Amino acid sequence: MLLQEPVQIGSLPIANRLVMPPMQTNKTHHGHVTEELVQYYRDRAVFSRPGLIITEHSCITESGRAAEGQLSIASDALIEEHRRLTDAIHEGGSRAFVQLNHAGSNGIGEAVSASAVSIPVKKLAKRPRALTAGEIIEIEEQFAAAALRALRAGYDGVEIHCAHAYLLNQFYSPLTNKRTDEYGGSLENRLRITVETVERVREAIGGEIPIAVRLGGADYLPGGSKEADAAEAGTLLEEAGADLLDLSGGMCFYLRPGHLEAGYFASMAEKVRAAVSVPVLLTGGVKAIGEAEALLRAGKADLIGVGRALLKDAAWAQEAFGGQ
Ligand SMILES: Cc1cc2nc3c(=O)[nH]c(=O)nc-3n(C[C@H](O)[C@H](O)[C@H](O)COP(=O)(O)O)c2cc1C
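Numbering (this note's numbering), first residue to last: -2 to 321.
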């Protein structure tokens, strides 16, 4: 099976092409790692042995917190707690990345965003305040500091969250970014905060550690970002130093309106894959090993993410990967 074939992300070898994508579990205690959370990741690593587990989005600063139960990587005091997660994941032989996030106006901290525009599809969305250019740089530095913590905690790589209507995605989407400075307008400008974040993270963690970007490449909403934008963004992110493009939705969150099929973002992934030379990760709607294999064989992506199926059943891929 192609799914069982190894792959490289940057210079990091990954044993197979199955990925557990980031999923907030609410198993933390006010953002701290708990034994329940450690056990949850250990079970999936040991029983299903995905090549890569990307742990749930972690806030890079308390003011960028998405939810009360969200994991945090906002201070050095949390490094040892995250070490428990990476040790548990490594026990099963999987690689571990952490997803780094700032919620912007889609969280419980002060509502800040690219512009003073609420998230379009969210009920009771807060009306945010537009960030200044100085604050943008500060947030990029917070991403870099969090990445360095991740490295110290034993993660094999980091993922920058630019999807699902969180801060970086709010800059990327023309629906929420109405800026007229260098962070708004053209696609290149709307992606600038993410590109600069990749560059700052790279400076912080050095050349060897892979950086993934979860790109909410298309909003699938009138006036929103489109699949063709994702391909252009992919090339800019690759140039900036991204080693993996992890594709998902934008203002439509992780679902694609009107689509439930396995690999519902495949048409986007295909376009991005044709434009870049780094590996592309496709997630969404896969419920069976055969579906993941078919998407790989059809050349839609280099790796396949399986979220809810692994959330429900830690041993979902036990048979295919010979887990305990
Ligand atoms: C409970 C839950 C929590 C999620 N949390 C995150 C998250 O922290 N970061 C993220 O990028 N995506 C998150 N997602 C989206 C998943 O990573 C994935 O893209 C989505 O579930 C679609 O894949 P699936 O059909 O295989 O489940 C979450 C999804 C679910 C169901």
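Just so it is clear, CB atoms sit at the ideal spot from N, CA and C, and this is done for glycine as well. As the structure is a computational prediction, the values presented were derived from the model and not from experiment.
- Within the model, the alpha-carbon separation for Asn13 versus Arg126 is close to 43 Å.
- According to the DSSP secondary-structure assignment, Gln96 is paired through a beta bridge with Glu156.
- Relative to ligand 1, even the nearest heavy atom lies 8 Å or more away from the CB of Val35.
- Look at Leu9 here: in three-state DSSP terms it is strand.
- Around the beta carbon of Pro276, 16 or more other beta carbons sit within 10 angstroms, so the residue counts as buried.
- Ala215 is bridged by DSSP to Gly246.
- For the 9 Å CB-CB criterion, Ile208 and Ala150 do not form a contact.
- By the 16-neighbour rule on beta-carbons within 10 angstroms, Asn98 is buried.
- Between the segment 9 to 29 and the segment 298 to 318, the count of Cβ pairs shorter than 8 Å is three or higher; the stretches touch.
- For the 9 Å CB-CB criterion, Tyr152 and Phe94 form a contact.
- The residue from Ile105, Asp178, Asp240 with its alpha-carbon nearest to that of Gly154 is Asp240.
- Set against 8 Å, the gap from the CB of Thr280 to the closest heavy atom of ligand 1 is smaller.
- The C-beta of Ser72 has fewer than 16 other C-beta atoms within 10 Å across all chains shown, which makes the residue exposed.
- Setting aside the 5 residues that flank it on each side, Leu242 is surrounded in the same chain by Ala209, Val210, Leu212, Gly231, Leu234, Glu235, Val269, Val273, Val275, Pro276, Val277, Leu278, each with a C-beta closer than 8 Å to its C-beta; the list follows chain order.
- Nearest in C-alpha terms to Leu121, of all of Glu137, Glu135, Glu132, Gly104, is Gly104.
- Ligand 1 approaches Gly304 closely enough that one of its heavy atoms is under 8 Å from the residue's Cβ.
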